[in-house]
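Chemist:
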Amino acid sequence: MTQPEPMSFCPKDQIDGYRKQVNGNPYECSSRIQFDFLHHHIRSCTEISQAVKDKQTTERTALQLCAFLAHWGMFRGKGKLGDRNLYFFQEICLDLLGNKGVLSRIEGIPFENLHRKLKDSVLQEAIDGVKCAFELRGVSPTDTLVSKTMLGLLGNIPGYDRYFKKGLSKLKENDEFKGTMGFGVKGLLNLSEWCTEYDWPSIKSKADKRRLLPRGRLVDMAIHQYGRPN
């Protein structure tokens, strides 16, 4: 018997499935919209350094990042993130977002343009900088933590959690993604180019209906949903 062809990946269908699942579960809904509020807070600034322009703003940014990571379960496990206080997150935000901070050189470049507008070395420096910021403060800089932090603060890098990785594996198995699988420069740039081959829906932010979610977040949602068990 001839095996049926695997279903083609459809971003809209996956994102619809993701949002339907979230809307049906109050905890999931609270977890998933934390991105919307953090992204809205960062994007409301004229530039990312303004998100740490003074003590009060830095504290708010740190609280938003903390809530975003906590809702994704990043405080569990052996990474020691759960032992850290607000001051820790303020220092992380200052390192990453401050004037000439770690993320300043990749800020404002949409995910779909990374492969065209960003040098490998610049992206590598950003990834290494985020890892270093956590590692210097005694927290293990896992790929999931680093990518989720970049997703939350910039919106132009998807978060490499277990379902996202499973989704990538599934795309690879179905011959719909031919790039590098892992979290890193090559994998991200391959994925950036890959996403331009598809049509992506326009999704309004829960925090501000005038603002659309960035492509990096849409890719994050779609592949995450694709990797979840049916």
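With the numbering used here, the residue at position 161 of the sequence shown is 161, and numbering never jumps.
Positions of the beta carbon are idealized from the N, C-alpha and C atoms, including for glycine.
By how many angstroms is the C-alpha of L86 removed from the C-alpha of M1?
Modeler: The residue given as residue 1 occupies position 1 in the sequence shown. The residue given as residue 86 occupies position 86 in the sequence shown. Any reading at M1 needs caution, since the residue's pLDDT is 43, under 50, leaving its predicted position unreliable; the model's value is listed next. Their backbone Cα atoms lie some 60 Å apart in a straight line.
Chemist: Roughly how many angstroms lie between the CA atoms of P6 and I42, to the nearest whole one?
Modeler: Position 6 of the sequence shown holds residue 6. Position 42 of the sequence shown holds residue 42. Residue placement at P6 cannot be trusted, given a pLDDT of 49 that sits under 50; what the coordinates show is reported in the next sentence. Approximately 39 Å between the Cα atoms of the pair.
Chemist: If the criterion is Cβ atoms closer than 8 Å, does the pair D220 and G129 meet it?
Modeler: The sequence position of residue 220 within the sequence shown is 220, counting from 1. The sequence position of residue 129 within the sequence shown is 129, counting from 1. Against a cut-off of 8 Å, the Cβ pair of G129 and D220 comes out as no contact.
Chemist: With distances taken Cα to Cα, identify the nearest neighbour of R76 among V139, E135 and K117.
Modeler: The count along the sequence shown starts at 1 and reaches residue 76 at position 76. The candidate whose alpha carbon is nearest that of R76 is V139.
Chemist: Residue ranges of each alpha helix (DSSP H) run of no fewer than 4 residues wholly in the segment 41-88, ordered along the chain?
Modeler: Counting whole runs of 4 or more residues, the segment 41-88 contains the alpha helix (DSSP H) stretches 55-71.
Chemist: Within a Cβ cutoff of 6 Å, which residues of the same chain sit near Y18, ignoring the five residues on either side of it in sequence?
Modeler: As a position in the sequence shown, residue 18 is number 18, starting the count at 1. The answer, listed in chain order, is M221 and Q225.
Chemist: Work out the CA separation of L103 and F126 for me, nearest whole Å.
Modeler: For the purposes of this step, residue 126 is taken as the residue at position 126 of the sequence shown. For the purposes of this step, residue 103 is taken as the residue at position 103 of the sequence shown. For the sequence presented, residue 126 should be read as Ala rather than Phe. Each residue's Cα considered, the two are about 6 Å apart.
Chemist: State the Cα-Cα distance for the pair D36 and G155, rounded to the nearest angstrom.
Modeler: Here residue 36 refers to the residue found at position 36 of the sequence shown. Here residue 155 refers to the residue found at position 155 of the sequence shown. Approximately 10 Å, taken between the alpha carbons.
Chemist: Would you mind working out which of V185, E135, Y163 and L213 sits nearest I33, comparing C-alpha positions?
Modeler: Residue 33 sits at position 33 when you count from the first residue of the sequence shown. Looking at the Cα atoms, L213 is the closest of the given residues.
Chemist: Using the three-state DSSP reduction, which class does L213 fall into: helix, strand or coil?
Modeler: In the sequence shown, the residue the question calls residue 213 occupies position 213. If DSSP states are grouped into helix, strand and coil, L213 belongs with coil.
Chemist: Between which two residues does the alpha helix (DSSP H) carrying A133 extend?
Modeler: Counting from one through the sequence shown, the residue named residue 133 turns up at place 133. Here the alpha helix (DSSP H) through A133 covers D120 to E135.
Chemist: With DSSP as the reference, identify every bridge partner of K204, one or two as the case may be.
Modeler: Translated into the one-based positions of the sequence shown, residue 204 becomes position 204. Partner(s): L212.
Chemist: Taking K178 as part of the alpha helix (DSSP H), name the residues at either end of that continuous run.
Modeler: Reading the sequence shown from its first residue, position 178 is the one you call residue 178. Taken as a continuous stretch (DSSP letters only), K178 belongs to no alpha helix (DSSP H), as it is neither H nor E.
Chemist: Contact defined as beta carbons within less than 8 Å: I believe P141 pairs with K12. What is the distance between those atoms, to the nearest angstrom?
Modeler: Here residue 141 is taken as the residue at index 141 of the sequence shown, counted from 1. Here residue 12 is taken as the residue at index 12 of the sequence shown, counted from 1. That pair is no contact at about 34 Å.
Chemist: Please work out which residues of its chain come closer than 6 Å, Cβ to Cβ, to T120, disregarding the five sequence neighbours upstream and downstream, and give them in chain order.
Modeler: For this step, residue 120 is matched to residue 120 along the sequence shown. First, the residue type needs correcting, since residue 120 is Asp and not Thr in the sequence shown. Around D120: V185.
Chemist: Mind checking whether E135 and S192 have CB atoms under 8 Å apart?
Modeler: What you label residue 135 is simply residue 135 of the sequence shown in a count that begins at 1. What you label residue 192 is simply residue 192 of the sequence shown in a count that begins at 1. No; because the gap between Cβ atoms is not below 8 Å, this pair is not in contact.
Chemist: Which stretch, first to last residue, makes up the alpha helix (DSSP H) that contains S147?
Modeler: Here residue 147 refers to the residue found at position 147 of the sequence shown. Run containing S147: D143 to L154, per the alpha helix (DSSP H) assignment.
Chemist: Among S205, W194 and R215, which has the Cα closest to the Cα of H40?
Modeler: Taking the first residue of the sequence shown as position 1, residue 40 is located at position 40. Minimum Cα distance to H40 is reached at S205.
Chemist: I think I223 touches L168, with their Cβ atoms under 8 Å apart; what is that distance to the nearest whole Å?
Modeler: The residue given as residue 223 occupies position 223 in the sequence shown. The residue given as residue 168 occupies position 168 in the sequence shown. The pair is a contact, with the Cβ atoms about 6 Å apart (cut-off 8 Å).
Chemist: Excluding the 5 residues preceding and the 5 following G179 in the sequence, name in chain order all residues of the same chain whose CB lies nearer than 7 Å to its CB.
Modeler: Within the sequence shown, numbered from 1, the residue matching residue 179 stands at position 179. The residues are G187, N190, L191 and W194.
Chemist: So what's R228 in DSSP terms, helix, strand or just coil?
Modeler: Along the sequence shown, one-based indexing puts residue 228 at 228. Coil at R228, not helix or strand.
Chemist: May I ask which residues mark the beginning and end of the alpha helix (DSSP H) holding G167?
Modeler: By 1-based counting over the sequence shown, the position of residue 167 is 167. G167 -> alpha helix (DSSP H) spans R162 to E173.
Chemist: Using the beta-carbon count (16 or more within 10 Å), is Q56 buried or exposed?
Modeler: Walking along the sequence shown from the start, residue 56 turns up at place 56. Exposed, by the Cβ-count rule.
Chemist: Are the beta-carbon atoms of K118 and M74 separated by less than 8 Å?
Modeler: For this step, residue 118 is matched to residue 118 along the sequence shown. For this step, residue 74 is matched to residue 74 along the sequence shown. Note on identity: in this sequence residue 118 is Leu, with Lys being the wrong assignment. Contact flag unset, no.
Chemist: Would you report the Cα separation of K148 and I157, rounded to the nearest angstrom?
Modeler: Looking up residue 148 in the sequence shown gives position 148. Looking up residue 157 in the sequence shown gives position 157. Computed Cα separation, rounded: 8 Å.
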